[in-house]
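**Student:** Handing you a structure now.
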Amino acid sequence: MAQDSVQVGGGRWLYVILGLIVNIILGAIYSFSLFRVPLEKLWHISATESGYPFMLFLAVFAVAMPIGGNLMQKWGPRNTMILGSILVGIGWILAGLSTGIGMLSLIYGVIGGFGVGLVYGCPISVAAKWFPDKGGLAIGLTVGGFGLSALIMAPIIKTL
-16 MAQDSVQVGG GRWLYVILGL IVNIILGAIY SFSLFRVPLE KLWHISATES
34 GYPFMLFLAV FAVAMPIGGN LMQKWGPRNT MILGSILVGI GWILAGLSTG
84 IGMLSLIYGV IGGFGVGLVY GCPISVAAKW FPDKGGLAIG LTVGGFGLSA
134 LIMAPIIKTL
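Per the working numbering, the sequence shown starts with residue -16, numbered consecutively.
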């Protein structure tokens, strides 16, 4: 990706707000515990087994992040985010159709985890680029959405 010059102006804060929103959505993974007891009852599985999708998700997420960084250098953050978002959408939608813990682990853990791993670095990269003067603040606000997500998304998810 070519290094473009960036103008310092007020419009760049939109990228931070959008990055915050993206990370709030992605951070919904931290609300997975809300699904565990219902899954245990539905599929008659243990507490350990109900944690497999989340554990696999985190492992695949970690593996996918450097791949996402590589793709951002080749394709740019927008295209990388599009690919990752498609995978997240497929993983999360198909997770609702799962008929067992193995299927849920594969769909949510692998497909969803890989998608989140690709997307996660995109808003961070954009914030760093657009804020050469206030990079720490911009990146911190962007990434903060991931941590705030459980606070925001858990009440929403509980109502579903």
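Just so you know, even glycine gets a beta-carbon here, dropped at the ideal spot from N, CA and C.
Would you kindly work out how many angstroms separate the C-alpha atoms of Ala133 and Gln56, rounded to a whole number?
**Tutor:** Whole-angstrom Cα-Cα distance: 30 Å.
**Student:** Assign Ser16 to buried or exposed, taking buried as 16 or more other Cβ atoms, counted over all protein chains shown, within 10 Å of its Cβ.
**Tutor:** Exposed, because fewer than 16 other Cβ atoms sit within 10 Å of the Cβ of Ser16.
**Student:** Which runs of the alpha helix (DSSP H) fall wholly inside the segment 52 to 88 and span at least 4 residues, in chain order?
**Tutor:** As far as the segment 52 to 88 is concerned, its whole alpha helix (DSSP H) runs of at least 4 residues are 60 to 78, 84 to 87.
**Student:** By how many angstroms is the C-alpha of Leu1 removed from the C-alpha of Val46?
**Tutor:** Their Cα atoms are separated by approximately 24 Å.
**Student:** Whole angstroms is fine: what's the gap from Ile8's alpha carbon to Met136's?
**Tutor:** C-alpha separation (whole angstroms): 8 Å.
**Student:** From Leu77 to Gly85, what does the alpha carbon distance come to, in whole angstroms?
**Tutor:** Computed Cα separation, rounded: 13 Å.
**Student:** Tell me whether Pro115 sits in a helix, a strand or coil according to DSSP, three-state version.
**Tutor:** Here Pro115 sits in coil by DSSP.
**Student:** What does a CB cutoff of less than 8 Å around Ser68 pick up in its chain, not counting 5 residues either side in sequence?
**Tutor:** The residues are Gly98, Val102.
**Student:** Looking only at its own chain, which residues have a Cβ that is under 7 Å from the Cβ of Ala(-15), when we skip the five neighbours before and after it?
**Tutor:** Note that Ala(-15) scores a pLDDT of 47, beneath 50, so its modelled location is shaky and nothing firm can be said.
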